[in-house]
Structure formats: C-alpha cells, structure tokens
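Worksheet: one structure, shown below.
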Amino acid sequence: MKKTLALASAAAFVALTSGCASFAVSNEAIERNTAQALGLAKGSFTIADRVNDGVKASYTVKTNTGKQYACYVTGSVSQLGRAVSDAICSEVGKGGKPAAGAAATGGSCNALLKAAGKC
1181 MKKTLALASA AAFVALTSGC ASFAVSNEAI ERNTAQALGL AKGSFTIADR VNDGVKASYT
1241 VKTNTGKQYA CYVTGSVSQL GRAVSDAICS EVGKGGKPAA GAAATGGSCN ALLKAAGKC
C-alpha cells in the first residue's frame, strides 16, 4: 500500500513538473546553450528578463560588445532527467532572422548546406 502511494505521488510530481520551464530549465543550462548558439564564451554576455511560459523560457541577452538578442529554450523533465533544447536566438533589430552562426557566415559549409543553397 505504501509503495503504491509513493509511486502515485512520484508520478503525479513528474506529471506536474514535466511541462514547467521554471523547474526544467536551469540558469546554467540557459547560459551554456546560449553560449553555444551564439558562438560566445560564457561570461561574455548577460542574461536578463527571463519569462517562463509553460515549457518555454524566453529571455534577452546582451553581449559585452553591445549586441542584443532575444532568445528562448524549451525544457522538460522525464524519467531520464532534465532535457533542455538548444537556444534559439535572433539579434534585436535584424527582422527576426536567426543569429549568424558559423554556417551562416561561411565558416563551415557542408554538403547539406550546399544543397540548400545556403553557401
């Protein structure tokens, strides 16, 4: 009886928290995924104005060079642990185009990008 109650409580907890970005997405995960998405070193930007909306965490980024980005990640919790998506960022004032990464700047052109006419 106690085992069943414990399993039911655990299942309810996972169900309630699995769709909540405030629980699933840590500030460390945001910083790590943003650094990777923008090609910047950790500490070379600041994150502000975080808003959790269901599974999505939206926030703004300001680099030490003055550029500003609007970004978001999604997150969930499962039996295997936390899962956080890659950061999706757009430079503020650039019409919503994704932030320029290595592929967009010609730093890395693979067969798939060539076939898509991106380089």
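Going letter by letter, the sequence shown gives residues 1181 to 1299 in the working numbering. Ideal placement from N, C-alpha and C gives every residue a C-beta, glycine not left out.
Helix, strand or coil: which one does DSSP assign to residue i?
i            : result
residue 1299 : coil
residue 1291 : helix
residue 1237 : strand
residue 1226 : strand
residue 1192 : Its pLDDT being 47, under 50, residue 1192 is placed unreliably in this model, and the coordinates cannot settle the point.
residue 1245 : coil
residue 1217 : helix
Is residue i near residue j, with beta carbons less than 8 Å apart?
i            : j            : result
residue 1252 : residue 1237 : yes
residue 1211 : residue 1227 : yes
residue 1214 : residue 1235 : no
residue 1240 : residue 1229 : yes
residue 1267 : residue 1217 : yes
residue 1271 : residue 1247 : yes
Please decide whether residue i counts as near chain C, where near means a Cβ-Cβ distance under 8 Å.
i            : result
residue 1261 : The structure shown has no chain C; it contains just one protein chain.
Give me the Cα-Cα distance between residue i and residue j, rounded to the nearest whole angstrom.
i            : j            : result
residue 1292 : residue 1259 : 34 Å
residue 1263 : residue 1274 : 29 Å
residue 1296 : residue 1261 : 35 Å
residue 1219 : residue 1225 : 11 Å
residue 1221 : residue 1245 : 12 Å
residue 1232 : residue 1256 : 12 Å
residue 1206 : residue 1269 : 17 Å
In the DSSP assignment, find the unbroken beta strand (DSSP E) run with residue i in it and report its ends.
i            : result
residue 1315 : Residue coverage of the chain in this structure runs from 1181 to 1299, which leaves residue 1315 outside it and unanswerable.
residue 1270 : 1268 to 1271
Any heavy atom of the ligand HEM within a distance shorter than 7 Å of the CB on residue i?
i            : result
residue 1209 : The ligand content of the structure shown is nil, which means the ligand HEM is not present either.
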